[in-house]
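In the numbering used here, the protein residues as written are 1 to 108.
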């Protein structure tokens, strides 16, 4: 059975990917991730413009590794790096075992 999420909940996916991608660049204020750190984003979706908050809620297990749980207005995700691959064990209320690679740093 396929679960559908409202359009606004799909915004956490690009927000998490942007957060992690920024972490690959040196000298940014957002990284390394620290528990309690928050960000605000200006979002325009099918419901109109709004501000979206994302917070590093804490450290969390992602498979056999430690990572972070990011929580936003639209849901939560658990992420960690395994070499050059970004893994997720939870994304918008769906759990994955083993964790899914959602971004590869070595692919151009």
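Think of the CB as a built atom: it goes at the ideal place given N, C-alpha and C, for glycine as much as any other residue.
ask   = What's the gap between the Cα of residue 103 and the Cα of residue 90?
value = 14 angstroms
task = Indicate the three-state DSSP secondary structure (helix, strand or coil) for residue 84 in the structure shown.
result = Coil at residue 84, not helix or strand.
message = Quick check: residue 52 and residue 43, are their CB atoms within less than 8 angstroms of each other?
response = yes
inquiry  = Short of 7 angstroms in beta carbon distance, which residues of its chain neighbour residue 93, apart from the five on each side in sequence? Order them along the chain.
reply    = Excluding residues within five positions, the ones whose Cβ falls inside 7 angstroms are 75.
inquiry  = Using C-beta distances below 6 angstroms, list every residue in its chain close to residue 71, excluding the 5 sequence neighbours before and after it, in chain order.
reply    = 55 and 57
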